[in-house]
Each structure stands twice: as C-alpha cells, then as structure tokens.
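Everything on this sheet refers to the single structure shown next.
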Amino acid sequence: MPSSKLDARRDELADYGLAACHALQVVADDQKIPFLQTAVGISQLIMESIQRVKANKSQCRQLLDQVHKILCILVNLCGDFEAPLSVALLHSLSQFIETLQKVHGYVRAQADLGMFKRIVKQSENASQFNECTAELRQALESFGASTHTLPPLCIHMDAAQRHEELMAFVAQMNDAASTHSTHSFNRTALRRSSSSLSLLPGSPKIFYGREQELTKIVTALTASDSARVAILGSGGMGKTSLALAAVHHTDIVTMFGTQRFFIPLTAAVSATDLIAKVAQYFGLEQQGRLQKNILRHLCAIPAPVLLVLDNMEDCWESLAGRPQVEDFLSHLSDVPGLRLLVTMRGMERPNQVKWSRPFLPALTPLDADAARSTFFDITDEVTDEKIVNKLLALTDHLPLAISLMANLASFDGCETVLERWNSETTSLLSDGADKLSNLDTSIMISLTSPRMKSNPNALKVLSVMALLPDGVSRADLEEMNLPLADVAWCISTLMRCALCYLDSDHRFKLLAPISQYARRQCPVSEELQRPLREHFYNVANLFTVPDFLSPLLVHRLSSDLGNIRSVVLHSLGSTDHRQLVQTLGCVIKLAGFTYLTNLGSLEGLDSLQELVATLDEPRLEGQYLYITGYLNHPKLEYSSRRALQCFERAGDLISQGTEYNNFLPSIVSRLSKAMAYRALGFHYQVKRDGAKTTEALSAALELAKKAGTQPNHLADQAATLVQMLQFRNTRGLSDTLPLAYEAHEIAHASGHLWIEASTLRMLASTCERMGDYTRARGFCVQAKALLSALALDGSHVSVFRRTTNTEAEIALQQTNYVYARSLNMSLVTPEESQTGFSHQEISNGYALINIAYIDIATGKHSAAGSTLNLARSLFNAHNSRFGEIACDITLGDFHTKIGEYAEARRLYLQCLPFPSAELRTLCFEKLSDVALLEQEVTLAQRFATLLLIHAFKSGYQAKMHRALRRLGDVFLADGDDTSAMLLFDVALAGFTLMDIHRAKAECWLRMGDIHASRGDSEAARVAWEAARPEFEKSSQHEEVAECDKRLAV
C-alpha cells in the first residue's frame, strides 16, 4: 500500500483511538475501577507517538488496531453500571497496562530511532513486535470473553465500524445514566457524601422487650452533648438491634438528622483495623494518618453527631492493642458535639472514656411476653401455647436463639422442632460431647433443619463464610469457583434460615455468634480452602509496585483485608509445604502493604521466622528477611546480609522466578540478591558510610546487568542507577550527568514508564545542579507527562512529589520566588492526605523551610517565624537532625534580614560542623557575606574561597558564580574595585546564562555603583536600569526602591 494511504489510515485510526480513550475516560471517572485511568493515559501516549512514526508503519498500525479493539471492549465491559469487575479481570487490566507500556516503547522507538539504529536493532524490534502482538491477542481474548452485551464490538469489524458502534454504545450509556441518575452517576456522589443515610442499616422490624433500655439510651444521647453509652451483654442478646432501634428513634432522628453514623466492626481485630474501618466508612483515603484524619473529619461535621461503633469487642479484647483502642475512643470522646454509642460482647467497658451515668446495665434475656411476641412475629403458626412455651424456655429467651427457633418453626412446625431439640441434644450428650449452651444448641438445630438438609452444600458455604469477617459479595462467591452446585441457592437457604444477612454494602455476612459456632463445629474443608486461598491471594496480588498503590487499589484491598488475614491465619496451620509457601508469600505482601499504607497489622510477623526457616526455601526466607529488615530499620543491615546468604543458596541473583511467584506481587517476587544489596546501600547511605554505600550499590548494579536485557531486568538496572544517582547527589559529586543519561536510556529501553519518569527526574535534578535550568524544566515536564499517563500525578506519589520539588528548586535558584512559593505550597501535603510515614512529614518540613526562606527573601519575614516553627516540629517529631540544622540556617537568614548580624553569624557557625556537604556549602555561602562579618574581609574571603572549591567539586554552577560574586564583594570592601568589577562581570555572565534574576540584579547594582564612584554616570545609569527589572522579577521591592533612588539623582 502506498505510504500516503497508509499514513492516512494510521492517522484515522489514531483519531478513532483518541475517541475511544475519551469514552473510556468518562467511564473511568464514574466507575472508579482500578487501573482504568492508567490504561487511558498510556493509550493516549501511544496515539500521540503514532503520528511521528518513521519506520515499520504497517506494524505500528496493526498494534494500534488491536489497542483500539480492546479499548472499545473495555468501554462496553466497564460501562456496565451494575457489574463490578472480577479479580481475574482486574488482573487482566493490570497485565494490559504492562502490555500497553511495551506497545508504547515499540511505537516510540519507530518514531525516535535513526536509520542506523533501526538497522542494528532490526531483530530486537521484530521480537518486540511479536511479543506485543501476542500479549494484545491475549488481552483481546481475556476481555472479549467477558463481554456479551455488544457483539458488534467483538473483534471482526473494521476500525470505522467499531468507531460507529462505540459511539452508539456511548450514546446508550449516556441515556442510561440520565434515566438512572440516582442509580448510577449519583452513586459516586453518595460514596463521597459524609451523610450516613445511604449506609445506615434499617431499624429492626421485630423489636420487643427493650423499651426501658431504649428510653435510657435515647434520653442519655439527647440530654448531653457529651453522652457516651455502652451496650453490653453476652452473644445473641440483641445489642445491635437495640443500637439500631435507638438510631432510628424519632427523638434521635429529629436531633441528629443525617448526622447518624453506624459502623459495624465485625472484622476489626486490632486498633489499626478499628481506625481503618472508621476511615473507610467516611470515605477517607485509606492511607496513613487515619486517626487524625477521622477526628478532623468528625470535627468538620455540623454538630450534633451520633457515632455508633457496633461489635467493638474483638478489637478491644486483645490486651496488647487495648491501650490504642481506648486512646482512640478517648479522642473520639473529645470531639465537640459528638455522642458515642458502642456495642460490645461482655460485661466490661473500655477505660479512658467518661461513660454517661448511670451506666446502662448489661442486657439480660427477654421477658416471657417479649419472647412470645418476637416468636409469633416471625412464625405465623398458631399452635399449643404449652409447646411454644417449652420451645421458648429452651432458648433462654435470647433474641438470636428465639429468631432461629421461630424460623425453624415457621417451616417445620413447633412440635417437630421441639422433638429435634430433645433428640439431637440427647444424641450429643450420649456421644460424650460437652453440653452446649442453649444459643449454640439453637444454632446447631438450625444447621440440621430440613431446609438445610435439603441443600447440603449450604452448610459448606456457611463454613466458607465463617472465615470471611468482612463478608462476601455474590459476585466474589461466584468468582471463587467453589466446587459446589448452585452457590446462589445455598445463600438463599442460609438467608431463609436467618443464618446470614445482607449488609448495606451488599455483602453477605454471618452474625458473630453464628460465625464463631461455625468455625468451631463446621470447619471449612481443604477442598473449599483451596479456591478460597486462590481467590484472596489473587486479590492481594493486585498490588505490585509501591508507587502504583493508587487510592482505588488501596480501597479494593482494604475492603477484603480482614478476609485475607483470616484465610492466611487459617492456612498457616497447614502441614502442606506448597500451601505454606504460598501463604507466607501472601504474608510478605501484606507486610509490604501495611508498611506502605499503615493499614492492617504487623503483629506476629516476627514469630513466623522459625516456620520460614523450617521450610528450607532459601529464596522465600530471603524475601522474608528482606521485608522484615525494611520494617525494622535497626535490623536492616543484619536482615539484608542474611537475605543475601539465602539468595546465594537459592542461586537467585535477580528476578529469577520460582514456581510460587503467581502468589506473590512483582515487587515481592522480584526480591533477590540484587535488591538485598540495594537495601544494604540504603542502610549505609542513611548511616553516611560512603564507601560501603558505593560497594553495595555497585554489587547490585553488577548483578542487575548480569541478569540480561529483559524489560524487568532493565528496569532493575535503571532503579539501581537512580539510587546511585541519589547517593552521589547527596554527596555533592559532580560526575553524575553521564550516569543519569545512562539510567534514562536503560529505563527508556525497558518500557517501564514509572522507572523512566524516575530517571527523567534524576536528569532534571542533575541539570539543575549544573545550572542548565531550561533542560531541567524540560525533563520535569516529560516526567510529569509519563506520571500523568500512569494516573500517578498526585503529591501522594513519591516520584511526582520529587519532580515537583525539583521544579520548585529551579524556580528558587532562578529567584522566581512567587512561582517557587506556589510549588512549595503544593508540596505541603494536608495532614488528611499524608501517608503517615516519616519521609512524608520530613518532605513537608523541607517545603516549609523553602516557604519561610522565600518569605524572608521577599520582605515578608513576619510570617516566616510560624512557618519555620511548624517545620521544626515535624523534624523534631522524627529526630531529623539534618532538618533541624536547615531550620537553624534559615533562622539565621531571618536575623540577617532584620540586621541582627551577630545572632545570624552565631547560628551559621554553629551549623557549620554538621557532616553534610550540602549544608556545609550553604553555611560557607552565608558566612562569605562581608556585611554579615562586619567588614572582616579576610574571614569573608576564606569562606568565599571554600564555597568556590566546594561548588567546583560538585559542579554546582549557581553556587560557583555566587562564590565569584562574594569574592567581588570582598575585593570591593578591600578597596580593589578593578578586581571586583572583573569578578562581577564574570559572575554576571554566568547568572545571565542561567537567568537568575536577583543575582543578575545584584551584580548590575554593584557594577553601577563602581561606575558611579569612578564618575561614569552614564554607565552607572545603564547598569542600574538593567538591575531594576531583575529585582522586580525576584520580588525585591526594597532593592527596586534603591534603584529608583539612584536613578532619580
């Protein structure tokens, strides 16, 4: 086909692709499906790159055609408002993102490579094309097999027909959205709303015998704005029903309106779980400083507020975590206008809360009349009251037991149930079993009822659900592929027997007493454990690279975190070798997730060390030691060295898979000897041991290079080079640019956009040090474009944050103070968005220091003090001596600005000995100021010379020229205006090349003053006129006024 026609078809297809991206973007914005936004972003990059392709145009068009097909199918698949994506499809989406990055790399190479390189890489290009084609075909099969509602989009149409069908489908989707707005698009608003109405369970329809307790609770909650009420009692006593009756009481509804929040805590077994569940209920980002975020959120809700914590006993009963739970409750009690109502199994109230008096007594069984009324409301059968009374007597009048017996009686009849009770209890006792409580017997009788016996698989489903404290959706149950016929019928049977219920999140759950009984008496079989493990380990395996932990992914895992942990704990009791290896792989993943998000619990992780060692799986043991070392930094060196020994035994140098890798996330499955060396490098870098850092990172790089040129191996090489660059930059070493370009070239070849963005950020940082600000800004723009395509353009993403920090540093160096301040303000992450780790707060501290410095430099020093104090408090909280010293230096700047030179000099000299090349150089610059040293020319010259030497050694161009300007000040103060003029002229040339406004202005101002002292008023005026606009650009209003005074003479 002629090239012109091929180009036209390619351009047309690119337009169709962009239209599909736009349609999928609309779906992604509404449906909040993990990975979807990233798929859109990378696809758009491909559509843009395709326009520049110079070679292999036909192959690129084939790839583009396949991508377009898949995008059309995804619009159809994900635009279904009712059907959530299965875990398998989410995995397919994750893999599709990897494939799109490869496609992007191939297409971009055909656009960027010259003819010679294309010839050299011909074989490599062909192999890459075949790999992309095969993976796109696999994605097409995965997604195509899951969509049935729009057959025309399924594969066989040409691009124009697919485009027309897509547009028709989008129109239908928009019509459906308009017709069912309260059902679909408004659903997003409901999820984000702080109103509890959509999440509040209904009031109990059958409720007798608790009128006195209900009155006391309602009175307490409405009478005092600091009411704190605990509903206590044994299992099955109706605590939750009483709490719901109170929540829906007319007086409560009138007083609290929509500010009623009911949070079930069935799956919470620790303080961390409790806090995470509360944060999840309110739709707060599931990362980090959750307790503070919750308290801030509650304080922002208009009072009065009613907060109900239901089934709080499990997270409180652990003695180890009890203080944290009580501390959280105490903080909740301090929220103005918040009334607290908790339900707990047992007779003891948590401490640290001033509970309303008189205390509500623990619930007792219902009286006879209430028990009878409850029974007859559930069953329509009219029978001999003596039999009913006998049956009720057997329930101990416990509400749950009454409910179970009434449900049985409504189906089997009271006489039959009574006979079964007597016969089965007698049978149990004759078999030597311990006497069950009446509640347990009620549950047992329910489990052996005719309805249950008519569907034997229902009991098996119940045993599965007993392991899932977070509950399970119908879709997840179906996706588990349990080896049972008609799981939906099983659920229906359990619902009809009142053994499970559907919660407000449309998840099937068991009441706590039933779950506990089922785990004891009906343990799940190995036949059912296998698909259960596979399903939830696959959920865990969605989380791969740390920076890819988007809020959507975090939410997806956090909703099943209790289930995953329960399955893991159950599986750790196995004796099957393979199963234990898979389970421990999931434990390692969960530990990494907890480290990154502060969700979940690390309790018991150390106790697994002996079990890990007994398995004789050196690679797994190495992974375990690696992650535990990172979780416990004092042990990092020891753990990393032991991990190295394990990887050596396993012969696993880097990224060599094992048969168990399908159960590990890639960031864990690629833990290897090379990564252990990188961990050691990180440890020694923190310890400021340069020689050992270099040795460890060099060893990691050598291993990474030996692994080969597969994309993952290239990404590992690039990541190691990035770590080396970060180390060399902190050491002030100047030979980093070739290393930065090498890292970027390798990352570019790997096709991993996140790694490439990291290398672009390092290139920007290196160019910034060299004074090449234009190129540095360009690298920042490229890095952010890639991160945006990956949907990682937020301050919660470390690479994006560091890139913004580099942009801010460029603006600060060029003394574009207004822009620099706005960038630093964007870096000061609000507490509700912080990840909770020290590096986030320390990063905030540095941004605050920059803001304080800018305010001082622009004459707004009155506001700088509070900003500096806030930064210092963050550094103090995390024992960051570096940050504290940086605060002291900035405080010295404040004293310099207001003319308190002696105090400024004392602070700078005090900071000078700190072992940091960066801070020491900064002190040299401050102390080279002749005015600060009160005309001590020799001392100023010494510090200016030291500044010049350090700047030359590190290649820091801006500091080198500032040193020259300082030396010019020294010569000028010493009366040598000729030497001063030469130095100012050289410095000005450098500052002009770098476009540093304030420094240019200061050179022009001094040169103008020298011309004026020589009587050359015309040259002086030219210099002052040149200085004035540069002072304006750098917001130096006092200096602008000084220029005006000179020019007015």
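Residue numbers (my numbering): 32 to 1080. Glycine included, C-beta positions come from ideal geometry on N, C-alpha and C. Quick caveat, the model's predicted, so the values are computed rather than measured.
Alpha-carbon to alpha-carbon, residue j and residue i
i	j	result
LEU745	GLY175	32 angstroms
ILE530	LEU76	For the record, residue 530 in the displayed sequence is Leu; it is not Ile. Cα to Cα, the separation comes out at about 52 angstroms.
LEU95	CYS521	46 angstroms
TYR137	ALA157	10 angstroms
ALA1057	GLU931	30 angstroms
LEU423	GLY267	15 angstroms
THR395	THR898	57 angstroms
MET483	ASP443	12 angstroms
THR18	PHE1022	There is no way to answer for residue 18, as the model of the chain reaches only from 32 to 1080.
ASP42	ASN836	37 angstroms
LYS990	GLN748	32 angstroms
PHE906	MET1038	42 angstroms
MET343	GLN1067	59 angstroms
LEU326	ARG320	10 angstroms
ASP919	LYS100	60 angstroms
SER404	THR303	41 angstroms
GLN886	ARG852	Looking at the sequence itself, residue 886 is Asp, so the reference to Gln does not match. Spanning the two alpha carbons is a distance of roughly 9 angstroms.
SER9	ALA780	Past the edges of the chain, shown from 32 to 1080, lies residue 9, and the structure says nothing about it.
CYS330	ASP365	10 angstroms
MET78	PRO769	31 angstroms
LYS1076	VAL1053	14 angstroms
SER697	ALA59	Per-residue confidence for SER697 stands at a pLDDT of 38, beneath the threshold of 50, marking its modelled position as unreliable; no derived number is given.
GLU863	ASN847	Per-residue confidence for GLU863 stands at a pLDDT of 40, beneath the threshold of 50, marking its modelled position as unreliable; the derived number appears in the next sentence. Approximately 30 angstroms, taken between the alpha carbons.
GLY876	SER947	18 angstroms
GLU690	VAL300	Unreliable placement is indicated for GLU690, whose pLDDT of 33 sits below 50; the coordinate value is still reported in the next sentence. Computed Cα separation, rounded: 33 angstroms.
ARG937	PHE955	13 angstroms
LEU794	GLY682	34 angstroms
Buried versus exposed call for residue i [16 or more other C-beta atoms within 10 Å across all chains shown]
i	result
ASP1008	buried
TYR669	exposed
ASN453	exposed
SER485	exposed
SER494	buried
THR645	exposed
MET801	buried
VAL849	exposed
GLN97	buried
VAL1080	exposed
TYR47	buried
ASN1128	Since the first residue of the chain shown is 32 and the last is 1080, residue 1128 is not available in this structure.
VAL717	exposed
One or two residues paired with residue i in a DSSP bridge
i	result
PRO503	In the sequence as displayed, the identity of residue 503 is Val instead of Pro. DSSP output for VAL503 lists PHE539 as bridge partner(s).
LEU1081	No statement about residue 1081 is possible, as the shown extent of the chain runs from 32 to 1080 and does not include it.
Residue i CB to nearest heavy atom of the ligand GDP below 8 angstroms
i	result
ASN855	This structure lacks the ligand GDP; in fact it carries no ligand of any kind.
Exercise for the section: Please specify which runs of the alpha helix (DSSP H), each continuous and at least 4 residues long, are wholly inside the segment 235-300, giving them in chain order. Expected result: 242-254, 270-278 and 281-287
Problem - 4 or more residues per run - each alpha helix (DSSP H) lying fully within the segment 950-1021 - result: 968-985 and 988-1004
Practice task
Count the C-beta pairs between the segment 59-67 and the segment 124-138 that are closer than 8 angstroms, then say yes if the count reaches three, no if not.
Solution key: yes
Practice task
At 4 residues or longer, and completely inside the segment 632-664: list those alpha helix (DSSP H) runs for me, N to C.
Solution key: 640-645 and 649-662
Problem - beta strand (DSSP E) runs wholly inside the segment 322-408, at least 3 long, in chain order - result: 336-341 and 369-376
Exercise for the section: Count the CB pairs spanning the segment 365-375 and the segment 325-344 that are closer than 8 angstroms, and state whether there are at least three. Expected result: yes
Handout entry: Complete alpha helix (DSSP H) runs within the segment 802-856 (minimum length 4 residues, chain order)
Key = 804-820 and 829-844
Handout entry: Meets three-Cβ-pair contact criterion under 8 angstroms: the segment 599-616 and the segment 637-653
Key = yes
Problem - the segment 353-364 contacting the segment 248-256, beta-carbon criterion three pairs below 8 angstroms - result: no
Problem - Complete runs of the alpha helix (DSSP H) confined to the segment 699-730 [at least 4 residues] - result: 704-717
Exercise for the section: Could you say if the segment 537-545 and the segment 500-509 meet the contact criterion of at least three C-beta pairs nearer than 8 angstroms? Expected result: yes
Problem - Contact between the segment 235-244 and the segment 273-293 (3+ Cβ pairs under 8 angstroms) - result: yes
Exercise for the section: Check whether the segment 51-64 touches the segment 801-820, counting contact only when three or more Cβ pairs, one atom from each stretch, lie closer than 8 angstroms. Expected result: no
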